[in-house]
Amino acid sequence: MDAFLDLLEREGPRLSGRQVCDLFSADSWFQAVVEKRTWQAVESGAVPRHCREDLEQTVLLLFVQEARASPDLHVKPELAKEHFGGWIWRMVDDLCLQAVRTVRRHDRFEGSLAEDVVSRDKRSIDRQIDVKLLVAELPILTQTILSLFDEGYSLTEIADRMGEKYWKVYKLYQDAIAYLRKHLKN
Numbered sequence: 003m004d005a006f007l008d009l010l011e012r013e014g015p016r017l018s019g020r021q022v023c024d025l026f027s028a029d030s031w032f033q034a035v036v037e038k039r040t041w042q043a044v045e046s047g048a049v050p051r052h053c054r055e056d057l058e059q060t061v062l063l064l065f066v067q068e069a070r071a072s073p074d075l076h077v078k079p080e081l082a083k084e085h086f087g088g089w090i091w092r093m094v095d096d097l098c099l100q101a102v103r104t105v106r107r108h109d110r111f112e113g114s115l116a117e118d119v120v121s122r123d124k125r126s127i128d129r130q131i132d133v134k135l136l137v138a139e140l141p142i143l144t145q146t147i148l149s150l151f152d153e154g155y156s157l158t159e160i161a162d163r164m165g166e167k168y169w170k171v172y173k174l175y176q177d178a179i180a181y182l183r184k185h186l187k188n
């Protein structure tokens, strides 16, 4: 990928995200790195096998977003010349982790819809209704925390996303779970 470093050196601050995307999308080595990393994620069980193509597309979409936001990809040319393979692998690895979270949330949502349609267990449906009614009684902030957690976000991600302190989000989450357990104990 000397072409990227040459382009970065030649264009400098005029470098556009589109140029970077065009360069990387045409590079078979980069495509192979993305494909290999997504297969590793599938083989490790991070996402179901049927989600591999979605995962790969999400990684590429995240790459495009990164390239448009910062066309230089935050690269330090002096380090990249010696360690370009490691640098690009690390970047793809980080993007893959983000993509895994995204695909898991999406897959979990689709899976829960299918379970709702197929489920004939009345007690299960009644229990879900009870939970939803109890959650509706909680303060909006706590409802939001539970909703985001249910979508697959970690408490740290929720705190960052909501602009709250981690300890506050953690405490509200713990209190909400205790409240739900207390009222659902039948």
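Numbering (the working numbering), first residue to last: 3 to 188. All C-beta atoms, glycine included, are put in the ideal place defined by N, C-alpha and C. These figures come from a predicted structure and were not determined experimentally.
1) Out of curiosity, what's the CA-to-CA distance linking His-85 and Val-61?
2) Which first and last residues belong to the alpha helix (DSSP H) in which Ser-156 is found?
3) Based on Cα-Cα distance, which residue from Leu-186, Phe-26, Gly-154, Tyr-172 lies nearest to Thr-144?
4) Quick one: which unbroken alpha helix (DSSP H) runs of 4-plus residues sit fully inside the region 22-49? Chain order, please.
5) Helix, strand or coil for Lys-173? Go by DSSP, reduced to three states.
6) Where does Glu-166 sit, in a helix, a strand or coil, going by DSSP?
7) Helix, strand or coil: how does DSSP classify His-108 here?
8) Could you name the residues of the same chain whose beta carbon sits closer than 6 angstroms to that of Phe-26, not counting the 5 residues immediately before and after it, in chain order?
9) Just checking, does the region 72-90 make contact with the region 135-150 on the three C-beta pairs under 8 angstroms criterion?
10) Give every residue of the same chain whose Cβ lies closer than 6 angstroms to the Cβ of His-185, excluding the five residues on either side of it in the sequence, and list them in chain order.
11) Would you list, in sequence order, the uninterrupted beta strand (DSSP E) runs of no fewer than 3 residues that lie entirely inside the region 60-84?
In short:
1) Walking along the sequence shown from the start, residue 85 turns up at place 83. Walking along the sequence shown from the start, residue 61 turns up at place 59. Looking at the backbone, the Cα of His-85 and that of Val-61 are separated by about 21 angstroms.
2) In the sequence shown, residue 156 corresponds to position 154, counting from 1. Unbroken run through Ser-156: none, as it is neither H nor E.
3) Locating residue 144 in the sequence shown gives position 142, counting from the first residue. Closest in C-alpha terms to Thr-144, from the list Leu-186, Phe-26, Gly-154, Tyr-172, comes Tyr-172.
4) The region 22-49 is shown to contain whole alpha helix (DSSP H) runs of 4 or more residues at 30-45, in chain order.
5) Position 171 of the sequence shown, counted from the first residue, corresponds to residue 173. Lys-173: helix per DSSP, three-state reduction.
6) In the sequence shown, counting from the first residue as 1, residue 166 sits at position 164. Here Glu-166 sits in coil by DSSP.
7) Here residue 108 is taken as the residue at index 106 of the sequence shown, counted from 1. Of the three classes helix, strand and coil, the one that applies to His-108 here is helix, per DSSP.
8) Walking along the sequence shown from the start, residue 26 turns up at place 24. Counting only Cβ-Cβ distances below 6 angstroms, and skipping sequence neighbours, we find Phe-32.
9) No, because fewer than three Cβ pairs between the region 72-90 and the region 135-150 fall closer than 8 angstroms, the two stretches do not touch.
10) The count along the sequence shown starts at 1 and reaches residue 185 at position 183. The answer, listed in chain order, is Leu-136.
11) Listed in chain order, there is nothing to give.
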